Each structure stands twice: as structure tokens, then as C-alpha cells.
Amino acid sequence: MKPELIAPCGMNCAICSAYLAMSRGHEKKKGMSHCTGCRARNKNCSFIKKRCTGGLRQNKIRFCYECSDFPCENLRKIDARYRKNYDYSFIVALEFIRDNGMEPHLVHEEMRYKCPSCGDVLCVHNGKCYKCQSIKTWRG
Ligand SMILES: [Zn+2]
Numbered sequence: 000m001k002p003e004l005i006a007p008c009g010m011n012c013a014i015c016s017a018y019l020a021m022s023r024g025h026e027k028k029k030g031m032s033h034c035t036g037c038r039a040r041n042k043n044c045s046f047i048k049k050r051c052t053g054g055l056r057q058n059k060i061r062f063c064y065e066c067s068d069f070p071c072e073n074l075r076k077i078d079a080r081y082r083k084n085y086d087y088s089f090i091v092a093l094e095f096i097r098d099n100g101m102e103p104h105l106v107h108e109e110m111r112y113k114c115p116s117c118g119d120v121l122c123v124h125n126g127k128c129y130k131c132q133s134i135k136t137w138r139g
């Protein structure tokens, strides 16, 4: 888990299916995306920045929690979707980083998404390990 893989919106690119598929050398198939991470691509959050009217759009902030609008409607929308579908909250992640720092956040993420079989990373979107192919049957 690396700080540069934490997107401005709070998403952890290290647990994203598109990043895992690319970084673990999986072939790109139809309907599957390959991504090097939001920050690496310098798109600064494809979900949020397009519609951002605050500091992120103007490159004035590194994380959405630094914005006076935090949490804005765009962030709340994607946060609600991720909470419902993947049991993951961008807002909780951002508040944790703001209040505790990046390092404890990365430790927490690593513990939560560690593959029980090989120690690699489980995907937040499908619970799959892209290294050993095992699938976690529970979320938590
Ligand atoms: Zn594994």
C-alpha cells in the first residue's frame, strides 16, 4: 500500500480491480479496464474532478477533505454507491487520513484487504486476489 495510490477522493487505487489487473500482469479483456492509478494518470479522480467546482479542479488541494465543500455532493454520491456495493467509504477514509495521518490508514487498509492465502491484496470490487486467484467469501 502506497500513499501515491490514495486518490484525492479517498479511493485506494491499490485495491481497485483496474489497478490490480494491470499491476499483476493480467491480460486486458473486453469490458475490463487497466489503470495505473488516479494520481499516476494525473486525471486526479475521474469520478470527482470532472464535476468538481472546488479546489481539486484547480489543483489547489491534494485531498478532498482539504476543500471547504467537503464532503460535496459529488463525493457523497460516489461514497453512497461504494458503501452500498462494496462496503467502502471514501468519506470515512478521508476523515481517517485527515485525523490520523496517511501511514495508519495504509496499515489499516493493508490489514483489511490482505489475501489470506498469499498475503497479496484483495480487490475491493470483487474480493478477488489477482495474484493467487483466491476469493474472499466475506467482506469486513
Ligand atoms: Zn492471494
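No gaps in the numbering here: position 44 of the sequence shown is 43 in numbering that gives the first Met the number 0, and each next residue is one more.
No residue lacks a Cβ here, since even glycine has one placed at the ideal position from N, Cα and C.
Predicted model, so just to flag it, every value in this text is computed and none were measured.
Do you know offhand how far residue i's Cα is from residue j's?
i      : j      : result
Asp78  : Ala13  : 17 Å
Gly139 : Asn58  : Legend: pLDDT at Gly139 = 46, less than 50; position of this residue unreliable, value from coordinates given subsequently. If I take the Cα positions, the gap works out to 34 Å.
Cys80  : Arg97  : Sequence inspection shows Arg at residue 80; the Cys mentioned does not correspond to that position. Straight-line Cα distance between these residues: approximately 22 Å.
Met31  : Lys127 : 14 Å
Lys27  : Gly36  : 16 Å
Pro7   : His25  : 26 Å
Lys135 : Glu108 : 15 Å
Cys117 : Met0   : 15 Å
Flag residue i as yes when its Cβ comes closer than 7 Å to any non-hydrogen atom of ligand 1, and as no otherwise.
i      : result
Ser16  : no
Ser133 : yes
Asp78  : no
Asp86  : no
Lys83  : no
Ser22  : no
Ser32  : no
Report yes if the C-beta distance between residue i and residue j is below 8 Å; otherwise report no.
i      : j      : result
Tyr112 : Ala20  : no
Cys15  : Val123 : yes
Comparing C-alpha positions only, which one of the options sits nearest to residue i?
i     : options                        : result
Tyr18 : Cys131, Lys135 and Leu121      : Leu121
Glu94 : Val106, Pro70, Asn84 and Ser22 : Pro70
| field | Cβ contact (3+ pairs, closer than 8 Å) linking the region 88 to 102 and the region 58 to 70 | value | yes
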